[in-house]
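Below is one structure; the comments refer to it alone.
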């Protein structure tokens, strides 16, 4: 993405954005020049669909806590977290625990900010 294209996109966003809460400020710029034309991700369709199916089944049963052995954190566990399911992860593999975040620890402000960002992006998981 060239500087010219970047400035053109910025000008169009500023022209179309009528909500003052979402005004751009250059002091917050973090330009990712290659994201605009990058593919939006590669999926292993079999496991992606299986993880969603399994997460729905857990949600339908409404357990107070889901004890999980060895599932993919980036797949099945992520789907359960989006449904606000409490989870205990059990795995013999070492895990880099970078999950100690305000959002996952119940910080109300962090939860509201993430929900707002999710809604802006068109997401919105249905909670159990």
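In this note's numbering, the protein residues as written are 178 to 305.
We treat Cβ as the ideally placed atom computed from N, Cα and C, and that holds for glycine.
A quick note: this is a predicted structure, and the numbers were derived from the prediction, not measured.
From the DSSP output, which residues share a beta bridge with residue 242? Paired residue(s): none; residue 242 is not in a bridge.
Residue 211: buried (16+ other C-beta within 10 angstroms of its C-beta) or exposed? exposed
Please confirm if the segment 228 to 242 is in contact with the segment 252 to 270, defined as three or more CB-CB distances below 8 Å between the two stretches. yes
Quick check on DSSP: helix, strand or coil for residue 298? Unreliable positioning characterises residue 298 in this predicted model, as indicated by a pLDDT of 44, which lies under 50. A coordinate reading is not provided.
As assigned by DSSP and simplified to three states, the class of residue 254: helix
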